[in-house]
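Going left to right, the sequence shown walks through residues 16 to 435 as our numbering numbers them. Worksheet: the structure to be examined is printed underneath.
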Amino acid sequence: MLYYIFRELEQFGIQGAHLWSYISFRALLALILSLVISVWFGEYFIKWMRAHNVTEAQRDRSIDPYGQQKKGVPTMGGIIILIAIIIPCLLFGRLRNIYMILMLVTTVWLGLIGFADDYIKMKITKDGLKPILKLAGQGILGLFIGLTLWLSPDAVIRENISVQKSDTEVVIHKSEPVKSTITTIPFVKDNNFDYKSIVGFCGKYKYALGWGIFVLMTVIVVTAVSNGSNLNDGMDGMCAGNAAIIGVALGILAYVSSHIEYAAYFDIMYIPGSQELVIFICAFVGALIGFLWYNAYPAQIFMGDTGSLAIGGIIAVTAIIIHKELLIPLMCFIFFIESLSVMLQIQVAKWGNKRGRKIRLFKRAPIHDAFRVLPGQIGSDVKILLNWPRGCWLESKITTRFWIVTILLAALTIITLKIR
Numbered sequence: 016m017l018y019y020i021f022r023e024l025e026q027f028g029i030q031g032a033h034l035w036s037y038i039s040f041r042a043l044l045a046l047i048l049s050l051v052i053s054v055w056f057g058e059y060f061i062k063w064m065r066a067h068n069v070t071e072a073q074r075d076r077s078i079d080p081y082g083q084q085k086k087g088v089p090t091m092g093g094i095i096i097l098i099a100i101i102i103p104c105l106l107f108g109r110l111r112n113i114y115m116i117l118m119l120v121t122t123v124w125l126g127l128i129g130f131a132d133d134y135i136k137m138k139i140t141k142d143g144l145k146p147i148l149k150l151a152g153q154g155i156l157g158l159f160i161g162l163t164l165w166l167s168p169d170a171v172i173r174e175n176i177s178v179q180k181s182d183t184e185v186v187i188h189k190s191e192p193v194k195s196t197i198t199t200i201p202f203v204k205d206n207n208f209d210y211k212s213i214v215g216f217c218g219k220y221k222y223a224l225g226w227g228i229f230v231l232m233t234v235i236v237v238t239a240v241s242n243g244s245n246l247n248d249g250m251d252g253m254c255a256g257n258a259a260i261i262g263v264a265l266g267i268l269a270y271v272s273s274h275i276e277y278a279a280y281f282d283i284m285y286i287p288g289s290q291e292l293v294i295f296i297c298a299f300v301g302a303l304i305g306f307l308w309y310n311a312y313p314a315q316i317f318m319g320d321t322g323s324l325a326i327g328g329i330i331a332v333t334a335i336i337i338h339k340e341l342l343i344p345l346m347c348f349i350f351f352i353e354s355l356s357v358m359l360q361i362q363v364a365k366w367g368n369k370r371g372r373k374i375r376l377f378k379r380a381p382i383h384d385a386f387r388v389l390p391g392q393i394g395s396d397v398k399i400l401l402n403w404p405r406g407c408w409l410e411s412k413i414t415t416r417f418w419i420v421t422i423l424l425a426a427l428t429i430i431t432l433k434i435r
């Protein structure tokens, strides 16, 4: 909103109005404001939630040995994060930009699904929203994002190509922006992969089928990352810290993708208009850091599904828009391994049940729970295939070590731009 106001004022020679045309200026303002809103609004929100007794009941001690300490802690703190993201974006973003619109829709849509889940857990049943409904909501969002990127005339790229000039190979971008199903594939020199190549044998139908594969990939990525983020939200500061680190990596990728010179330097496609994602990601990171003011151990508030579902969706949609979705398994490895651990645990348990035995792959799942199991918590009749670690780690140590792993993987994700 302010961008359009100051652009008009610039025509009248108002001093300083030109600053609003700089992405760096608006992005830093979004970062600062989101952090301030998150910290300031968070204090009042926590007091209001406690006054109205909107708190989480004591957790199951068999899963969380520190659950007694967390009795009476307010939940649904994701509302703080969502507000701290949306307000700066409305103020500093270009609201007619297709990518900013998609990010705001993602934030609100998944925030509402998470809110419904949290509300049902508190007021109706502790099981919350039925899993099939959550999956449906995530799938609908993925379908909407994929189809919009396919059909919108504003969602275009300029493909990077290598040309020979005076015995030197240089990277340039095609002059005409086009609709494209190309994505970035890491660790190879010619790092573009086209989904249409999968169905190249289909002749005149390959264009539509290529976009169909892209839309399907979008649905899968949005659902997978959103659920992975949701599963990672089980310890104080865990999900917020990991997501903030991933957000920084995404912000760097979005910035170089939106800058034609940097895009040429790193030999990646140039995406006109994607600079507005930098504004959004800065607000996203600022909101998460501000939320950690209250969510760091010992937590004064939990984000709940209101925050965790939206966080995963934001990460997924950003990666898809800048055509870096194939980097997600590396960048979001923590989310990936959390989901994988749950799926493997379920399958191993079913396999054991068929044989009349209690068999588990990990002591607990998601995987972060395996690090805080007290000695003797698991019955002697349960066989653990991967009984590590032996002891019980402090929750703050588990969270910090997960952050460290995410930092390493985020750095490696950035390095893939040069490792070919």
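Glycine included, C-beta positions come from ideal geometry on N, C-alpha and C. All values reported here derive from a predicted model rather than from experimental measurement.
Nearest in C-alpha terms to D320, of all of V237, G143, L34, is G143. The distance from the Cβ of A425 to that of I283 is about 17 Å, inconsistent with a contact at the 8 Å cut-off. In this structure, A255 and S49 do not form a Cβ contact; the two beta carbons are roughly 13 Å apart against a cut-off of 8 Å. When the Cα atoms are used, N402 and P381 turn out to be separated by approximately 14 Å. If you compare the alpha carbons of L324, I95, W408 with that of P146, the shortest gap goes to L324. Looking at the DSSP output, I197 shares a beta bridge with D209. Each residue's CA atom was taken as its position, placing I101 and L119 some 7 Å apart. In the DSSP annotation of this structure, I419 is not part of any beta strand (DSSP E); the continuous alpha helix (DSSP H) holding it starts and ends at 410–430. When the beta-carbon positions are compared, S411 and Y277 stay at least 7 Å from each other.
L246 counts as buried, since at least 16 other C-beta atoms from the protein chains shown sit within 10 angstroms of its C-beta. Assigned with DSSP and collapsed to three states, K373 falls in strand. Taking G154 as the centre and dropping the five residues before and after it, the same chain places the C-beta of V234, T238 closer than 7 Å to its C-beta, in chain order. Rounded to whole angstroms, the separation of the alpha carbons of R405 and S272 is 45 Å. Taking all protein chains shown into account, P390 has fewer than 16 neighbouring C-beta atoms within 10 Å of its C-beta and is therefore exposed. The region 50–70 makes no contact with the region 104–121; the number of CB pairs closer than 8 Å stays below 3. Leaving aside the five residues that flank W124 on each side, the residues in its chain whose CB is nearer than 6 Å to its CB run, in chain order, L156. Excluding residues up to 5 positions away in sequence, A264, L342, L345, M346 lie with their Cβ nearer than 6 Å to the Cβ of T428 in the same chain. About 7 Å separates the beta carbon of L400 from that of V363, a gap short enough to meet the 8 Å contact definition. Three or more beta-carbon pairs drawn from the region 86–103 and the region 55–63 are found closer than 8 Å, and the two stretches are therefore classed as touching.
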